[in-house]
């Protein structure tokens, strides 16, 4: 980037860039729509796309229309919402910690939410709605603990420190989870079922319980986007530009907690989606956080649905959960990032 | 470290011309204290339970006396479990010390390179897909663990060797991938299989008999003597590859041998009791801090590992009334907290 670019040339580039980025976002939306249609059509019983559209437009009473309306539409909506939440949460975490390896799973947030949900299950108080609240508390506590451990000492948080702190907290919480769950066969079964991040067998109940929280989290994230851009320059420069650093951090942490807690409560812990999607978004639209967040939301939903659809067909007649598919896609990316030379740079 | 002229601590004992031994008083005292702690824990573990036996009776029964009833409880029911815990803990302590010396990294341990998760996936595939049992599970676990550790090293390897932190990060990534696979296999398994598998995954000492202890003891009897020349090679390697080479050590060969020894020790314990987390990570570090030596002492690491494992097992058995938890729950809890503490302390010193 050269500093001496003439102002109007810069404006021109920005306009050109905005056009490309808008076009890119439109294409991403098209991708999401296509993934959603696939998610409605593909499954144990495949339904032609024409019939899918028909079923969506007219309310009929055939078996196929019932399958689409009662099973696949909630599942698809849940996938979009959870994917968007995790994608945006990952982008937020990466921006807030200036850490390319940040992911809600790797930084212990999922483990915190899981532990809280297991405690709720063992106390017998967890319905779909109340487990969301437990997941929030767990996610928030774990996130704060990881951040405090990861940033204590000189030099602030590096990617390695945060990842290790996440591992430490996750290890302790996982032991705690199993300590509780092993005492009770029914609880263990419930937990084993829940702990696989998946969209199958989850639907309208979970969707209704978490949508308000995810909506608030997304709004908060987008409201912070401008300050996050300033934050990318470093705390001092951000302050000089008039950004409120402390307030941005806290707001970001609240948004991350809302998004991750709700997504985990609805679909179980998912690893690597929050890592992968923001990187793809950044590669497509450049460093502007406002666009990164928008791309992350749309691409997150699309990737979640694609992972879910592939999982439905890959081990027929069974289903490979979307969480496992995400891990299979995300791990190579993470390793490629680690092997790159200058890992600390975003 | 001071810049003043440095003399080696400790006193030198000579046996004739050829053999001499440098003895560090603190090391010896710490070793003796650890032995005392291990013995006290053993007596406590044997003496308590549903049928309490006073410590004096425990000792006399162990030495061959006692009435037949308590002799049966002590020698056939409780002693194998305690011996098993001690052997496993000692093996893990030594293995962790070797790993950490080799990687020159306090985080170097089989837990970090994904060995337990790999072993778990191997075992689970055998249990749930091939529906095998017994020896087949063991083989699957070993293959999975070794394969995982090997892949992590391979993926972390770049021109100019591996860096400690690249290993750690890639190990974490692979572990999460494997955790997803474990969760999936557990969720599709029958609930009885899943429960059994979960217990195995956490590492459990429940219901160990002499039949479990014997192969463990034999394998360790073979492996542990190998640790004596290993200790010497380790001390040379800690000076850096070049200095070790100058001291006449075949660096690459020694390193390969040491890795094989460390993996061998972990494998043996995995076969016996499943993957018990974090002992290999914590024991050498605590031992080093207590013994205040520069390097990682193998003997006190072994003793510390034994003490930690036994203490964790005692706690796991008694923490929740009438529910014996697997020992891995306690070591995982303790290890995670300890790792967090280690991270903050090391960073406060500005390292890492």
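Protein chains in written order, with this note's numbering: chain B, 192 to 537; chain W, 147 to 498. Positions of the beta carbon are idealized from the N, C-alpha and C atoms, including for glycine.
(request) Check the Cβ of residue 299 of chain W against every Cβ in chain B and list those closer than 9 Å, keeping chain order. (result) Within 9 Å Cβ-Cβ: nothing; residue 299 of chain W doesn't reach chain B, min ~13 Å.
(message) For residue 388 of chain B, tell me which candidate among W:343, W:332 and W:176 has the shortest Cα-Cα distance.
(response) W:332
(request) Just confirm the distance between the C-beta atoms of residue 192 of chain W and residue 233 of chain W, as a whole number of angstroms; I'd bet it's less than 8 Å. (result) So it is not a contact: roughly 15 Å between Cβ atoms.
(message) Taking the alpha helix (DSSP H) that residue 266 of chain B belongs to, which residues open and close that run?
(response) 264-288
(request) Reducing DSSP to helix, strand and coil, say where residue 387 of chain B ends up. (result) In the structure shown, residue 387 of chain B sits in coil (DSSP, three-state: anything other than H, G, I, E or B).
(request) Give the interface partners of residue 305 of chain B over in chain W, defined as CB-CB distance under 7 Å, in chain order. (result) Within chain W, no residue comes near residue 305 of chain B; the closest Cβ sits about 10 Å away, beyond 7 Å.
(request) Just tell me which of W:460, W:282, W:372 and W:412 has its CA closest to the CA of residue 522 of chain W. (result) Since the first residue of chain W shown is 147 and the last is 498, residue 522 of chain W is not available in this structure.
(message) Quick check: is the beta carbon of residue 316 of chain B nearer than 8 Å to any beta carbon in chain W?
(response) no
(message) Can you give me the C-alpha to C-alpha distance between residue 239 of chain W and residue 489 of chain W, rounded to a whole angstrom?
(response) 20 Å
(message) Using a Cβ-Cβ cutoff of 9 Å, what residues of the region 319-334 of chain W are near chain B? List them in chain order.
(response) Answer in chain order: 319, 320, 321, 322, 323, 324, 325, 326, 327, 329, 330, 332, 333 and 334.
(request) Using a threshold of 8 Å, state whether the C-beta atoms of residue 398 of chain B and residue 467 of chain B are closer than that. (result) no
(message) Judging by CA-CA distance, which residue of W:398, W:350, W:429 and W:173 is the nearest neighbour of residue 370 of chain B?
(response) The shortest C-alpha separation from residue 370 of chain B is found at W:350.
(request) Could you tell me how far apart the beta carbons of residue 404 of chain W and residue 369 of chain W are, in whole angstroms, since I believe they sit closer than 8 Å? (result) With a Cβ gap of about 12 Å, residue 404 of chain W and residue 369 of chain W do not count as contacting.
(request) Compute the beta-carbon to beta-carbon distance between residue 261 of chain W and residue 294 of chain W, rounded to the nearest angstrom, for a pair I have assumed lies under 8 Å. (result) 6 Å
(request) Have a look at residue 228 of chain W and residue 267 of chain W and give me their C-alpha separation to the nearest angstrom. (result) 28 Å
(request) Starting from residue 395 of chain B, trace the alpha helix (DSSP H) both ways and give me its first and last residue. (result) 395-422
(request) Output yes if chain W places a C-beta closer than 8 Å to the C-beta of residue 541 of chain B; else output no. (result) Outside the modelled stretch of chain B, which goes from 192 to 537, sits residue 541 of chain B, for which no answer is possible.
(message) Let me see if you follow: with CB-CB separation under 8 Å, is residue 149 of chain W close to chain B or not?
(response) In this prediction, residue 149 of chain W scores a pLDDT of 47, lower than 50, which makes its location untrustworthy; the coordinate-derived value is nonetheless stated afterwards. Judged by the 8 Å Cβ criterion, residue 149 of chain W is not in contact with chain B.
(request) Tell me whether the beta-carbon of residue 383 of chain B lies closer than 8 Å to the beta-carbon of residue 479 of chain B. (result) no
(message) Quick check: what's the CA-CA separation for residue 225 of chain B versus residue 486 of chain B?
(response) 16 Å
(message) Any C-beta of chain B within less than 8 Å: which residues of the region 423-435 of chain W qualify?
(response) 423 and 424
(message) Assuming residue 330 of chain W and residue 462 of chain B are in contact, meaning their beta carbons sit under 8 Å apart, how far apart are those beta carbons, in whole angstroms?
(response) So it is not a contact: roughly 12 Å between Cβ atoms.
(request) Please name the residue, chosen from B:308, B:343, B:488 and B:283, that lies closest to residue 217 of chain B on a Cα-to-Cα basis. (result) B:488
(message) Short of 8 Å in beta carbon distance, which residues of its chain neighbour residue 432 of chain B, apart from the five on each side in sequence? Order them along the chain.
(response) 421 and 424
(message) Using 8 Å as the threshold, is the C-beta distance between residue 326 of chain W and residue 514 of chain B below it?
(response) Taking C-beta atoms as the reference points, residue 326 of chain W and residue 514 of chain B count as a pair closer than 8 Å.
(message) DSSP three-state label for residue 506 of chain B, please.
(response) coil
(request) Apply the 10 Å Cβ neighbour rule to residue 403 of chain B and answer buried if 16 or more other Cβ atoms are within range, or exposed otherwise. (result) Residue 403 of chain B counts as exposed, since fewer than 16 other beta carbons sit within 10 angstroms of its beta carbon.
(message) When you compare the CB of residue 369 of chain B with every CB in chain W, is at least one pair closer than 8 Å?
(response) yes
(request) Mind checking who residue 475 of chain W pairs with in its DSSP beta bridge? (result) Its beta-bridge partners do not exist; DSSP assigns none.
(request) Please decide whether residue 290 of chain B counts as near chain W, where near means a Cβ-Cβ distance under 8 Å. (result) no
(message) Under DSSP, the alpha helix (DSSP H) around residue 466 of chain W begins and ends at which residues?
(response) Premise fails: residue 466 of chain W is in no alpha helix (DSSP H) and is neither H nor E.
(message) Please report the straight-line C-alpha distance between residue 294 of chain B and residue 448 of chain W, rounded to a whole angstrom.
(response) Distance between the alpha carbons of residue 294 of chain B and residue 448 of chain W: 37 Å.
(request) Determine which residues of the region 454-483 of chain W have a Cβ less than 9 Å from any Cβ of chain B, and write them out in chain order. (result) 462, 465, 466, 469, 471, 472, 474, 475, 476, 477, 478, 479, 480, 481, 482 and 483
(request) Compare the Cα-Cα distances from residue 455 of chain W to each of W:469, W:470, W:423 and W:436 and report the closest residue. (result) Nearest option by C-alpha distance: W:423.
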